[in-house]
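First up is the structure itself, then whatever we jot down about it.
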Amino acid sequence: LPAAEDMLLRLERGKVYDDEERRFAYELPLPKLTVPIQGSPGSPLAVAVCSQLGPSWEFPSFGKCHLVTQEVKSLIDTDLDAALREVIFNTAAAARAEGFHVQVSRHDLFHGHFFRRKNGEVGILLHACEYPCRNDDAFPVNLGFCQSDSCIQYADEVMQHRNLVILFSPYVRAFVLDAESDCIKALIPEYARKPMYTLYEDTLGEPLADVYFLPEQPKLGWVSRRLRGSRV
């Protein structure tokens, strides 16, 4: 969507207001990475998440709750994997420090989606507040077994800021998006707006891979989204 790429270009330039000077995002201050990462076209990051996934491993389940049902693989480049994990966890910590409800956990933030933009650059869309607890008044939505034991209380002001974007060019920048702003709301299908406020990765670009993580796991879990034989 041209509107989506326009929004990403604004973020890339550090602009968080639309043409009418209405805020649609909040930039997060990130610490300097120990290992630099670039997401420009042809970069090791884009190639790695597309075609350099290694051995499978079992991502944790919790009783009948399976956070991921596909085969989970490891990233062959362990240094890159560690650097990406650092970026994701730093983003969550920075969002929390800025007053947003973001916690890496099995009910809140545990996955993201790598996508390739129209210009070839790479980003990650993170979804926080994935499993709010069911409430007959505020949130009468059954999300299945993974919703059990959730302590996340539903609130509109929390859920409308559940979409986070990380961009890797020209350097790493992270943002919390406001799903009630006109700029972002226009990118979300009507059925995915309130109460879920879910922005989809294929709106932002070509999905490359899904990534899964938890505090107790020292590495990331990867699920390729690319068709076999497709070009990197």
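Using the working numbering, read the sequence shown as starting at 17 and increasing by one per residue. The beta-carbon is built from N, C-alpha and C at its ideal position, and this holds for glycine as well. None of the values given here were measured: they were computed from a predicted structure.
With a 10 Å radius around its C-beta and 16 neighbouring C-beta atoms as the bar for buried, classify residue i as buried or exposed.
i           : result
residue 73  : exposed
residue 176 : buried
residue 167 : exposed
residue 137 : buried
residue 40  : buried
residue 225 : buried
residue 218 : exposed
residue 124 : buried
residue 29  : exposed
residue 191 : buried
residue 20  : buried
residue 155 : buried
residue 151 : exposed
Rounded to whole angstroms, what's the CA-CA distance from residue i to residue j? Just pull it up for me.
i           : j           : result
residue 193 : residue 106 : 17 Å
residue 18  : residue 134 : 9 Å
residue 216 : residue 204 : 7 Å
residue 71  : residue 239 : 11 Å
residue 163 : residue 86  : 19 Å
residue 173 : residue 146 : 15 Å
residue 183 : residue 37  : 22 Å
residue 139 : residue 23  : 13 Å
residue 161 : residue 49  : 36 Å
residue 128 : residue 122 : 13 Å
residue 34  : residue 199 : 7 Å
residue 67  : residue 235 : 18 Å
residue 209 : residue 32  : 21 Å
residue 84  : residue 195 : 25 Å
residue 249 : residue 142 : Examination of residue 249 is not possible in this model, given that the chain is present from 17 through 248 alone.
Residues bridged to residue i by DSSP?
i           : result
residue 69  : 91
residue 120 : 125
residue 237 : 228
residue 130 : 140 and 225
residue 78  : 81
residue 33  : 39
If you follow the alpha helix (DSSP H) that residue i is part of, which residue opens it and which one closes it?
i          : result
residue 4  : Residue 4 lies beyond the stretch modelled for the chain, which goes from 17 to 248, so this question has no answer here.
residue 44 : Counting along the chain, residue 44 falls outside any alpha helix (DSSP H), though it belongs to the beta strand (DSSP E) covering 41-44.
Over the uninterrupted beta strand (DSSP E) stretch that includes residue i, give me the two end residues.
i           : result
residue 222 : 222-228
Ignoring anything shorter than 3 residues, give me the beta strand (DSSP E) runs that lie fully in the region 140-208, in order along the chain. The region 140-208 contains these whole beta strand (DSSP E) runs: 179-183 and 189-193.
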